[in-house]
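Chemist: Chains as they are written, first to last, in the numbering used here: chain A, 279 to 393; chain B, 4 to 117.
1. Can you tell me whether residue 320/A is buried or exposed, with buried defined as 16 or more other CB within 10 angstroms of its CB?
2. Could you name each continuous beta strand (DSSP E) segment of 3 residues or more that falls completely within the stretch 91-116 of chain B, going from the start of the chain to the end?
3. Label residue 381/A either buried or exposed according to how many other C-beta atoms from any shown protein chain fall within 10 Å of its C-beta, with 16 as the threshold for buried.
4. Alpha carbon to alpha carbon, what distance is there between residue 325/A and residue 331/A?
5. Hey, would you say residue 9/B sits closer than 8 Å to residue 30/B, going by beta carbons?
6. In this structure, does DSSP put residue 365/A in helix, strand or coil?
7. List the residues of chain B that residue 376/A touches, going by C-beta distances under 8 Å, in chain order.
8. Return the Cβ separation of residue 385/A and residue 283/A in integer angstroms, given the expectation that the two are a contact with Cβ distance under 8 Å.
9. Three-state secondary structure (DSSP) at residue 4/B?
10. Within the same chain, show all residues whose beta-carbon is closer than 7 Å to that of residue 71/B, passing over the 5 residues directly before and after it, in chain order.
11. Between the stretch 380-392 of chain A and chain B, which residues of the former have a C-beta closer than 8 Å to a C-beta of the latter?
12. Would you say residue 63/B faces chain A, with C-beta separation under 8 Å as the test?
13. Hey, is residue 324/A's beta-carbon within less than 8 Å of any beta-carbon in chain B?
14. List, in chain order, every chain A residue whose beta-carbon is nearer than 9 Å to that of residue 31/B.
15. With the cut-off set at 8 Å, would you say residue 18/B and residue 113/B are in Cβ contact?
16. Taking DSSP as the reference, what is the three-state secondary structure of residue 27/B?
17. Taking Cβ positions only, does residue 327/A come closer than 8 Å to chain B?
18. Cβ of residue 299/A less than 8 Å from any chain B Cβ?
19. For residue 87/B, does the three-state DSSP call read helix, strand or coil?
20. Pull up the distance between the alpha-carbon of residue 318/A and that of residue 349/A, whole angstroms please.
21. Does any C-beta atom of chain A lie closer than 8 Å to the C-beta of residue 52/B?
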């Protein structure tokens with residue numbers, strides 16, 4: 279149980295393009311999903327917390343207009359990187375919670391490469 | 004400000020021996036700790052967790068120890084197997100009973116050799 283699916287797994291696109299990444303909880307309902315970013319050989323850095331039906335809470339330093347998050351249902355959250363530039367190239371990972379005292383379950387991540 | 008630290012970037016252990024991965028934290032408000040295992044190009048997989056009211060939690064080959072006074076936790080894997088080779092992240096949170104965000108360490112790459 280507690281499977282999280284992330285799509286796409288790899289994206290290569292031109293600078294200036296907007297890219298949407300989907301995160302789905304397949305066998306449970308997730309009222310809360312999290313979006314992380316990981317640079318090579320570094321830790322996972324939390325970008326934002328996404329709550330179903332409300333606005334996402336962004337971590338300090340994360341541009342909310344750059345990284346648009348929509349959590350429209352209990353099984354789907356999307357992250358849109360708007361007008362992506364090479365510095366946005368990174369590994370983006372989502373996670374979902376089944377409940378308050380449960381561990382987060384992670385998707386397999388999306389490798390984003392902006393040319 | 005790195006609140007969760009894994010000071011050993013890599014560790015090599017022979018198959019069958021014990022692997023000990025260490026993690027230190029600075030935020031005394033953390034009360035829930037987790038270990039995740041991560042393969043390249045995949046998301047982290049949850050391994051084991053421990054609440055601050057305990058000092059040990061065991062699940063099969065994996066045991067996590069928590070020393071609150073030292074703000075230190077460790078993951079013991081015994082016996083180590085080649086399939087355990089991966090990057091291990093420790094994470095911590097302040098568990099409010101709702102959606103608690105995780106703070107991750109920088110990871111330790113474990114290599115289990117034959």
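A virtual CB, placed ideally from N, CA and C, is assigned to each residue, including glycine.
If you're wondering where the values come from, they're calculated on a predicted model, not measured in any experiment.
Modeler: In terms of the structure at hand:
1. exposed
2. 111-116
3. buried
4. 18 Å
5. no
6. helix
7. By Cβ distance, chain B contributes nothing, its closest Cβ being about 11 Å from residue 376/A, past 8 Å.
8. 6 Å
9. coil
10. 55
11. 381, 382, 383, 384, 385, 386, 387 and 389
12. no
13. yes
14. Ordered by position in chain A, no residue passes the 9 Å Cβ test against residue 31/B, which lies about 20 Å from the chain.
15. no
16. strand
17. yes
18. no
19. helix
20. 27 Å
21. yes
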